[in-house]
Amino acid sequence: MASAASDFVREVWERYQKIVRENPETVSQLESTFKVVSYVIAGRFEDSQVLSELVYLASNLLILLNDTIFRQTVKVLKNISVPVERWKRFLTVLQYAEVFLEMAAQRAWGETGRWFIILVVQLTKTVIRMMLLWKHKGGFQTNPPQPPLDRDQLLPKLKRSVSKELLDLEENLDGENESPTFTLKSSGKVMRRLSTSPPINFRTWKLPSDEKSSYSKNKKLPYGISPTSLSKQRLYAESFYIIKPLLHLFSMRLFGIESWKPYLLSGFADVSSLCMIGDPQDLNQEEKQEIKKRTYMLLLYLLKSPMYDRHTKVKILSTLQFISDHVPLTGLILRPLAQYLPAWQKVYFYLCICNGHFPVSYDDQNCVVDDTLPASAADNYIDCQLKEMVAAGRNKCCKIEGNVGCCEPGGRWKKILAMSLGIGLTFITLAVIYIYLFWCKKDTIPCLGRCQDKIQKKYHQAEKSLPCCASRVERRKQEEEIMEKSKDHPAFSLPDDEFCNSNYKEEWWSGQTIKNF
Numbered sequence: 412m413a414s415a416a417s418d419f420v421r422e423v424w425e426r427y428q429k430i431v432r433e434n435p436e437t438v439s440q441l442e443s444t445f446k447v448v449s450y451v452i453a454g455r456f457e458d459s460q461v462l463s464e465l466v467y468l469a470s471n472l473l474i475l476l477n478d479t480i481f482r483q484t485v486k487v488l489k490n491i492s493v494p495v496e497r498w499k500r501f502l503t504v505l506q507y508a509e510v511f512l513e514m515a516a517q518r519a520w521g522e523t524g525r526w527f528i529i530l531v532v533q534l535t536k537t538v539i540r541m542m543l544l545w546k547h548k549g550g551f552q553t554n555p556p557q558p559p560l561d562r563d564q565l566l567p568k569l570k571r572s573v574s575k576e577l578l579d580l581e582e583n584l585d586g587e588n589e590s591p592t593f594t595l596k597s598s599g600k601v602m603r604r605l606s607t608s609p610p611i612n613f614r615t616w617k618l619p620s621d622e623k624s625s626y627s628k629n630k631k632l633p634y635g636i637s638p639t640s641l642s643k644q645r646l647y648a649e650s651f652y653i654i655k656p657l658l659h660l661f662s663m664r665l666f667g668i669e670s671w672k673p674y675l676l677s678g679f680a681d682v683s684s685l686c687m688i689g690d691p692q693d694l695n696q697e698e699k700q701e702i703k704k705r706t707y708m709l710l711l712y713l714l715k716s717p718m719y720d721r722h723t724k725v726k727i728l729s730t731l732q733f734i735s736d737h738v739p740l741t742g743l744i745l746r747p748l749a750q751y752l753p754a755w756q757k758v759y760f761y762l763c764i765c766n767g768h769f770p771v772s773y774d775d776q777n778c779v780v781d782d783t784l785p786a787s788a789a790d791n792y793i794d795c796q797l798k799e800m801v802a803a804g805r806n807k808c809c810k811i812e813g814n815v816g817c818c819e820p821g822g823r824w825k826k827i828l829a830m831s832l833g834i835g836l837t838f839i840t841l842a843v844i845y846i847y848l849f850w851c852k853k854d855t856i857p858c859l860g861r862c863q864d865k866i867q868k869k870y871h872q873a874e875k876s877l878p879c880c881a882s883r884v885e886r887r888k889q890e891e892e893i894m895e896k897s898k899d900h901p902a903f904s905l906p907d908d909e910f911c912n913s914n915y916k917e918e919w920w921s922g923q924t925i926k927n928f
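The sequence shown begins at 412 in our numbering and counts up by one.
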């Protein structure tokens, strides 16, 4: 029983790998759709943030899984050991999941569970990063540790790799003595045999020898470059940057959330680390991009508490509102961003007002007692961020039968979990049905093939109107032109089936048609 189950799982995994390798563009579009869905549902309904983060986590894990398949297909040569690669993959998964884990812990166990999960995640990341830095000489740690592949750069190499695998398979099936090419007698031109031609989607219109040499030249991709050897000063700078989250958490515990000391200590750690690194000219390209990213990330301190709550919140929200009102079409993006920014800021920077009390902002509509009166009117706004409410775990406004009060967060957690589980199962079921019909049964049911062809034509027509798809449209146009030219050339077609039982084919290959070519 166990053996049959493992064989079934292995077969499904191999079939999934084949689908991903043969349809890289479709896979990329599916991943992008997941991310767009996570952005669309954020802030649309109550407790939608959890579902949004769950969908976003699923999209990142799907990208990581498909990137692993692509790396194996094109044989990306990494100059790192297998344990280091596994640790980096684990760190990447943990980083993708940390926000969802925090939100889930808050709804399941309250603020105590939330801060416990934050501490465990940050402690785990710090220990692994320090081990990679000092023991394995990992250099500067990128964010995420295993960044996504550049699909535009990967696509031509992936096609060459799949074409090479199919060519090698054909050579093994036909025997070692049969050459994949033949030479024309009159002109001496070398041509590929039809029996060794790969599928049309993976043809490069080059001879097998040229494909192999081109594959060998491009076998090494710019992923997994050896890290730069760091000096003692840079090792200390990177160590200071790695332990910064723990310093910030412990300082918040020591000085309190309302204090400026954790905020200033975190900023001092970031700036000091960048200053100790110095000039990045001797670093490789990945490390230069990481240092540049850390420099830009300093702007996010404008969104961190207490700076955000006391100084920049009103200015940022008013600026977004002004742009939305006066610049056409920007409101479609900026208004949802302004609505989602307070909740996003509280989760991502671990600086929400959990045990303290700042001036009431009147931005939670659930806390308004009478909607017909201003929220700032006397006794018309319930503040659930008071210390006694937070201590009791009732730090969220809720309305029950028209009455407003403070209640514990997470009352809708089971509903959100069931909804996300139902959406996930529905998506998996539809994906299995789609794969079974359009890949497994496409050739046996004619209407399915025609339906898929019509959908593909409509999709290609839509791509022509999108500037972002110009490169794919141009590449498809070139392939269609090559196909049209190959149809008109007599050397690319075989005699009719009525000559299959005669020697006409052998005579045809050495006849006047080929000699005139």
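Glycine included, each C-beta is placed from N, C-alpha and C at the ideal position.
Alpha-carbon to alpha-carbon, residue j and residue i
i: residue 425; j: residue 685; result: 45 Å
i: residue 433; j: residue 481; result: 10 Å
i: residue 862; j: residue 889; result: 25 Å
i: residue 723; j: residue 709; result: 15 Å
i: residue 842; j: residue 550; result: 41 Å
i: residue 865; j: residue 437; result: 16 Å
i: residue 677; j: residue 711; result: 12 Å
i: residue 526; j: residue 885; result: 52 Å
i: residue 577; j: residue 868; result: Below a pLDDT of 50, predicted positions are generally treated as unreliable, and residue 577, at 47, falls in that range; the measurement from the model is reported next regardless. So the two alpha carbons sit approximately 27 Å from each other.
i: residue 548; j: residue 431; result: 34 Å
i: residue 720; j: residue 421; result: 52 Å
i: residue 429; j: residue 718; result: 51 Å
i: residue 831; j: residue 839; result: 12 Å
i: residue 700; j: residue 680; result: 19 Å
i: residue 844; j: residue 860; result: 15 Å
i: residue 764; j: residue 646; result: The pLDDT assigned to residue 764 is 34, lower than 50, so where the model puts this residue is not dependable; a value taken from the coordinates is nonetheless given after this. Whole-angstrom Cα-Cα distance: 35 Å.
i: residue 664; j: residue 870; result: 55 Å
i: residue 733; j: residue 516; result: 37 Å
i: residue 661; j: residue 537; result: 14 Å
i: residue 847; j: residue 893; result: 32 Å
i: residue 534; j: residue 524; result: 15 Å
Buried versus exposed, by CB contacts within 10 Å (16 or more), residue i
i: residue 511; result: buried
i: residue 715; result: buried
i: residue 423; result: exposed
i: residue 707; result: exposed
i: residue 418; result: exposed
i: residue 528; result: buried
i: residue 641; result: buried
i: residue 837; result: exposed
i: residue 809; result: buried
i: residue 673; result: buried
i: residue 739; result: exposed
i: residue 466; result: buried
i: residue 873; result: exposed
i: residue 682; result: exposed
i: residue 725; result: exposed
i: residue 737; result: exposed
i: residue 594; result: exposed
i: residue 478; result: buried
i: residue 552; result: buried
i: residue 628; result: For residue 628, the predicted model reports a pLDDT of 42, less than 50, meaning its position is unreliable and no value from the coordinates is stated.
Contact under 7 Å by Cβ, residue i with residue j
i: residue 639; j: residue 694; result: yes
i: residue 735; j: residue 748; result: no
i: residue 648; j: residue 688; result: yes
i: residue 451; j: residue 514; result: no
i: residue 468; j: residue 427; result: no
i: residue 449; j: residue 439; result: no
i: residue 532; j: residue 509; result: yes
Unbroken alpha helix (DSSP H) run spanning residue i, endpoints
i: residue 669; result: That residue, residue 669, is in no alpha helix (DSSP H); it is neither H nor E in DSSP.
i: residue 737; result: 724–737
i: residue 494; result: 493–545
i: residue 721; result: First-last for residue 721: undefined, no H or E at that position.
i: residue 452; result: 435–452
i: residue 639; result: No alpha helix (DSSP H) holds residue 639; DSSP gives it neither H nor E.
i: residue 643; result: 643–653
i: residue 703; result: 696–707
Near the ligand COA: residue i beta-carbon under 6 Å from a heavy atom
i: residue 423; result: No copy of the ligand COA occurs in the structure displayed, which carries no ligand at all.
Exercise. So does the stretch 519–531 actually touch the stretch 491–502, counting three or more Cβ pairs closer than 8 Å?
Worked result: Contact check between the stretch 519–531 and the stretch 491–502: fewer than three CB pairs, one atom from each, fall below 8 Å, which does not count as touching.
Problem set entry | Three-pair Cβ contact test at 8 Å for the stretch 648–656 versus the stretch 539–546 | Contact between the stretch 648–656 and the stretch 539–546 is present: 3 or more CB-CB pairs across the two stretches fall below 8 Å.
Problem set entry | Cβ contact check for the stretch 439–453 and the stretch 466–474: 3 or more pairs under 8 Å | Result yes; three or more Cβ-Cβ pairs closer than 8 Å.
Exercise. Are at least three pairs of beta-carbons, each pair with one atom in the stretch 495–504 and one in the stretch 549–561, less than 8 Å apart?
Worked result: They touch, by the three-pair rule.
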